[in-house]
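A short worksheet on the structure shown next.
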Amino acid sequence: MIERLETLLRHAQRVPMTNKLVVDERALLTVVDEMRIRIPEEIREARRVMRQRDQIPQSAQMEAERIVGQAQEQAEQMIRDEEIVKQAEAHALHLVQEAEERTDASREEMDLYALSMLRDLESRLESHLTSIRRGVAALDQSDAEPVEFDEEPA
């Protein structure tokens, strides 16, 4: 548009002895009308571009904040997951220790029970052995008289 206006002025006739030009009125009004139509559109476009230019840093800032927030959430989740793993490991260790303690206690109880049973068996066997020895001794006597045996101990 400005180029057309400049062209129109360059091709205009000069008024002798002045700095004035004779311009084709219709051509000049056509250019002015086009400028009235296009300039507001171009101003609106310029304003839109300016708004977009202002929005780009805001948008970038918002995106950066979103990314940082997301990274923080992931880090917190990883920390929580790590804490859960630590708690699970501690619980597992506690369970193993508890099981070992129970096993040791059960082993001690079984050893005591076995010792008690063996002592009881030893006592009974000694009682039976005593009865057997009396019987053998009674039979060894050359004058073998009928011997009465004591009843077996219970």
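Each residue of the sequence shown is one higher than the one before, starting from 1 at the first, in my numbering. A virtual CB, placed ideally from N, CA and C, is assigned to each residue, including glycine. Bear in mind the structure is a predicted one, so any value in this text is a computation, not a measurement.
In the DSSP assignment, Arg-14 forms a beta bridge with Leu-21. In terms of CA proximity to Thr-7, Val-23 leads the group Val-23, Val-15, Pro-16 and Thr-18. Taken through DSSP and simplified to helix, strand or coil, Gln-141 comes out as coil. Here DSSP, grouped into helix, strand and coil, assigns Met-35 to helix. Rounded to the nearest angstrom, the Cβ distance from Leu-21 to Ala-12 is 4 Å, consistent with a contact under 8 Å. Around the Cβ of Val-31, a 10 Å sphere holds 16 or more other Cβ atoms; the residue is buried. For the 7 Å CB-CB criterion, Met-62 and Glu-34 do not form a contact.
Apart from sequence neighbours up to five positions away, the residues of its chain that approach Leu-9 with a beta-carbon distance below 8 Å are Leu-21 and Val-23, ordered along the chain.
Annotation: Ser-106 to Ala-90 spans about 24 Å, alpha carbon to alpha carbon. Distance from the CA of Ile-79 to the CA of Lys-86, rounded to the nearest whole angstrom, comes to 10 Å.
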